[in-house]
Amino acid sequence: MSNQSYTIIFYIFAVITVCSAAFVVFTRNVIYSAFSLLFTFFGIAALYVFLSADFIAVTQVVVYVGGILVLLLFGVMFTNNIMNPGQKTEVINIIPGILLLIGIIGATLYAFYTNDGWVKTGTMLQGSVVERIGFETMSRYVLPFEMSSILLLAALIGAAFLARFDKTEH
């Protein structure tokens, strides 16, 4: 493939990602919003592939599409009022969304025009990215890795404690 075709494919995925993300924010139907979030997540994973971050792309698909989006869809589908075709969100945040969009575009344009170019170090990673992530996680970053697992375990225990049904009144 030529460099121009990669650029065209990149812009196609960028447009899909931005348009579906805008649809998530601006639609009032919860089901349509959840399904357009699927296209947003896949578009972001495709952009990670273009950045040669294959591990992050696969993690994006597995965690966000396979976990969070499915959980969100099950939560929406199992609500009592799902058969109501007029189910809409109560608040639509157009003004804060537009202000945030203008701020992000302004910051991006500022960074683009004040930057002298990409900093190239000249060093390339040797071997698999996944192998390197595994090695760094189990050597230099083993303490933060274990601390985050303890934090997640504490959050799980706290969630189970808050969700139990046999709460006693004091």
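The letter at position 86 of the sequence shown is residue 112 when you use the working numbering, and the numbering goes up by one with no holes. From the three backbone atoms N, C-alpha and C, an ideal C-beta is built for every residue, glycine too.
- Asparagine 55 sits in a strand when the DSSP states are folded into three classes.
- Beyond the five residues adjoining it in sequence on each side, phenylalanine 81 comes within less than 7 Å, by CB distance, of Val155, Val156, Ile159 in the same chain, given in chain order.
- In chain order, Phe171 place their CB closer than 8 Å to the CB of threonine 163, counting only its own chain and leaving out the 5 sequence neighbours on each side.
- The criterion of a C-beta distance shorter than 8 Å is not satisfied by phenylalanine 76 and serine 46.
- Serine 175: member of the alpha helix (DSSP H) spanning 168 to 189, first to last residue.
- Measuring C-alpha to C-alpha distances from alanine 48 to each of Tyr74, Ile120, Tyr167, Ala189 identifies Ile120 as the nearest.
- Leaving aside the five residues that flank isoleucine 130 on each side, none in its chain has a CB nearer than 6 Å to its CB.
- Per DSSP, methionine 27 lies in no alpha helix (DSSP H) segment and is marked neither H nor E.
- Rounded to whole angstroms, the Cβ separation of alanine 60 and valine 102 is 6 Å, and the two are in contact under 8 Å.
- The beta carbons of glycine 69 and threonine 33 sit no closer together than 8 Å.
- Counting only runs of 4+ residues, the alpha helix (DSSP H) found wholly inside the segment 37 to 95 occupies 56 to 76, 80 to 85, in chain order.
- Looking at Ser31, Val51, Ser28, Asn29, the one whose alpha-carbon comes closest to that of glycine 123 is Val51.
- In the DSSP annotation of this structure, the continuous segment of the alpha helix (DSSP H) that includes phenylalanine 138 starts and ends at 120 to 140.
- Per DSSP, reduced to three states, the secondary structure at phenylalanine 100 is helical.
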